[in-house]
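Q: Take this structure first; my questions come after.
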Amino acid sequence: MKIKVLSRANLINILEMPEVIKGVESVYKTKAQGNVVAWPLVEHKFSTGALMDIRSGGAFGEVGIHGAKLLNNFPENAAKGLPVFTGVLMAFDSETGLPIGVMDASYITSMRTGAAAAIGAAALARPDSESLLLVGAGLQSIYLLGATLVKMPGLKKVRVIDTFAQDNADRYITTIQERLKNELGIDASEVVFEAAHDMKEAVEQSDVILTITRSTSPLIMKDWLKPGTHLSCIGADMVGKEEIDPEIFRTARCFADDAKQCCTVGEMEIPAKMGILSPETVTGEIGEVLAGMKPGRVSDEDITVFDATGLAVLDLVTAKTAVRTAEEKGLGTTVEI
Numbered sequence: 009m010k011i012k013v014l015s016r017a018n019l020i021n022i023l024e025m026p027e028v029i030k031g032v033e034s035v036y037k038t039k040a041q042g043n044v045v046a047w048p049l050v051e052h053k054f055s056t057g058a059l060m061d062i063r064s065g066g067a068f069g070e071v072g073i074h075g076a077k078l079l080n081n082f083p084e085n086a087a088k089g090l091p092v093f094t095g096v097l098m099a100f101d102s103e104t105g106l107p108i109g110v111m112d113a114s115y116i117t118s119m120r121t122g123a124a125a126a127i128g129a130a131a132l133a134r135p136d137s138e139s140l141l142l143v144g145a146g147l148q149s150i151y152l153l154g155a156t157l158v159k160m161p162g163l164k165k166v167r168v169i170d171t172f173a174q175d176n177a178d179r180y181i182t183t184i185q186e187r188l189k190n191e192l193g194i195d196a197s198e199v200v201f202e203a204a205h206d207m208k209e210a211v212e213q214s215d216v217i218l219t220i221t222r223s224t225s226p227l228i229m230k231d232w233l234k235p236g237t238h239l240s241c242i243g244a245d246m247v248g249k250e251e252i253d254p255e256i257f258r259t260a261r262c263f264a265d266d267a268k269q270c271c272t273v274g275e276m277e278i279p280a281k282m283g284i285l286s287p288e289t290v291t292g293e294i295g296e297v298l299a300g301m302k303p304g305r306v307s308d309e310d311i312t313v314f315d316a317t318g319l320a321v322l323d324l325v326t327a328k329t330a331v332r333t334a335e336e337k338g339l340g341t342t343v344e345i
């Protein structure tokens with residue numbers, strides 16, 4: 009039995025953000041039609057502060073893939089000269105059960121996470137949005153930013169703020185245009201980039217907000233949001249993580265990638281525990297909006313929120329794209345198991 013093995017370097021050469029976005033959108037729509045499953049999340053917190061989680065699931069019908077990924081986040085590795093974020097992804101054909109690929113999970117996770125944030129923003133933000141606030145300037149932030157610039161070409165100004173390391177935002181904006189071009193093939197030469205240091209002021213001036221931090225308490229308060237703001241909340245993907253004021257959920261139109269999972273381990277977890285919302289009262293899932301089953305924004309004044317906790321099947325559909333392209337280009341290694 010032959011299987012394709014793809015390294016991170018292979019994936020960087022293979023994957024392009026527009027194709028990743030297309031695959032993620034197809035999965036969200038397939039989920040809305042009832043053909044996607046997300047199996048229970050397994051996670052472990054090490055005494056050192058490191059994290060491990062296993063996510064698994066499948067997208068059936070036309071997508072036809074299932075599998076699992078194991079991810080590790082070991083912050084202390086940075087001081088040792090080792091990768092902080094690592095993982096392995098295993099993908100299987102859902103018609104035969106045969107494995108189609110084993111590959112690095114970290115790059116695929118970063119790409120599809122960026123795509124998810126962008127899809128939510130494009131579907132729920134005001135069409136005339138011009139200003140974006142990126143909250144968090146860590147390793148995954150470039151993927152959120154790049155994907156959103158692809159999906160929302162009308163954006164003219166990007167502010168970047170990092171509440172955990174303020175100087176990071178200053179450094180970030182000096183290289184981000186070059187990095188977007190070199191790492192993702194995205195031309196952002198017409199976009200103005202600016203570092204922000206006052207969260208309240210930055211929030212008040214933004215049409216679209218992307219959050220990708222490790223925060224366990226709100227960084228953005230309800231009273232700071234101007235009418236019509238959209239927030240794509242990505243950082244809260246485990247119990248106890250929280251980036252925005254739970255009170256926002258009382259009046260906002262709130263959408264999830266998976267309502268039950270978001271109310272368990274996502275940005276919706278704390279509001280759900282407070283009784284503000286539940287899987288049954290969430291406005292909808294993003295796939296329902298994309299499939300035309302539910303309206304997203306209904307007025308220019310709406311505050312909209314997209315909570316994305318991450319579905320393993322998004323990684324899997326990206327893996328399927330990667331394997332197909334690798335075979336076409338003769339990249340990667342084929343092994344017999």
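Counting in this note's numbering, the sequence shown runs from 9 upward without gaps.
Heads up, the beta-carbon is just placed ideally off N, CA and C, and yes, glycines get one too.
The structure presented is a predicted model; accordingly, all values stated were derived computationally and were not measured.
(1) Is it buried or exposed for residue 158, if we count other Cβ within 10 angstroms and need 16 for buried?
(2) Check each candidate in 300, 310, 312, 96 and name the one with the smallest Cα separation from residue 37.
(3) Residue 183 to residue 322, Cα distance in whole Å?
(4) Tell whether a beta-carbon distance below 8 Å holds between residue 140 and residue 305.
(5) Taking its Cβ as the centre, do 16 or more other Cβ atoms sit within 10 Å of residue 48, making it buried, or is it exposed?
(6) Quick one: grab the DSSP three-state call for residue 302.
(7) Which residue comes first and which comes last in the alpha helix (DSSP H) that contains residue 324?
(8) Tell me the DSSP secondary structure of residue 26 in three-state form.
(9) From the DSSP output, in three-state form, read off residue 284 for me.
(10) Does DSSP put residue 242 in a helix, a strand or coil?
(11) Run through the DSSP bridge pairs and tell me what residue 144 is partnered with.
(12) Residue range of the alpha helix (DSSP H) that residue 257 falls in?
(13) Is the beta carbon of residue 187 less than 8 Å from the beta carbon of residue 242?
(14) Assess contact between the segment 307-324 and the segment 99-118, defined as three or more Cβ pairs (one per stretch) separated by less than 8 Å. Is contact present?
(15) By alpha-carbon positions, which one of 92, 311, 86, 155 ends up nearest to residue 27?
(16) Quick check: residue 226 and residue 245, are their CB atoms within less than 8 Å of each other?
(17) Take the Cβ of residue 50 as the centre, count every other Cβ of all protein chains shown within 10 Å, and call the residue buried at 16 or more, exposed below.
(18) Note down, in chain order, each residue of its chain lying with its Cβ closer than 8 Å to the Cβ of residue 335, except the 5 sequence neighbours on either side.
(19) May I have the straight-line CA-CA distance separating residue 21 from residue 118, to the nearest angstrom?
(20) Roughly how many angstroms lie between the CA atoms of residue 280 and residue 340, to the nearest whole one?
(21) Do you know how far the Cα of residue 65 is from the Cα of residue 123?
(22) How do the segment 190-206 and the segment 157-172 stand: do at least 3 beta-carbon pairs fall below 8 Å, yes or no?
(23) Where do the N-terminal and C-terminal ends of the alpha helix (DSSP H) with residue 186 fall, by residue?
(24) Are the Cβ atoms of residue 374 and residue 115 separated by less than 8 Å?
(25) Do residue 111 and residue 14 have their CB atoms nearer than 8 Å?
A: Concretely, from the data shown:
(1) Per the 10 Å Cβ criterion, buried.
(2) The residue with the shortest Cα to Cα distance from residue 37 is 300.
(3) 29 Å
(4) no
(5) exposed
(6) In this structure, DSSP gives residue 302 a state outside helix and strand, which the three-state scheme calls coil.
(7) First-last of the alpha helix (DSSP H) with residue 324: 320-337.
(8) Shown here, residue 26 sits in a helix according to DSSP, grouped into three states.
(9) coil
(10) coil
(11) The partner list for residue 144 (beta bridge, DSSP) is empty, contrary to what the question assumes.
(12) 256-259
(13) no
(14) yes
(15) 155
(16) no
(17) exposed
(18) 12
(19) 15 Å
(20) 44 Å
(21) A direct Cα-Cα distance of roughly 19 Å separates residue 123 from residue 65.
(22) In this structure the segment 190-206 touches the segment 157-172; the number of beta carbon pairs closer than 8 Å is three or more.
(23) Element bounds for residue 186: 174-192.
(24) In the structure as shown, the chain begins at 9 and stops at 345. Residue 374 is therefore absent and cannot be evaluated.
(25) yes
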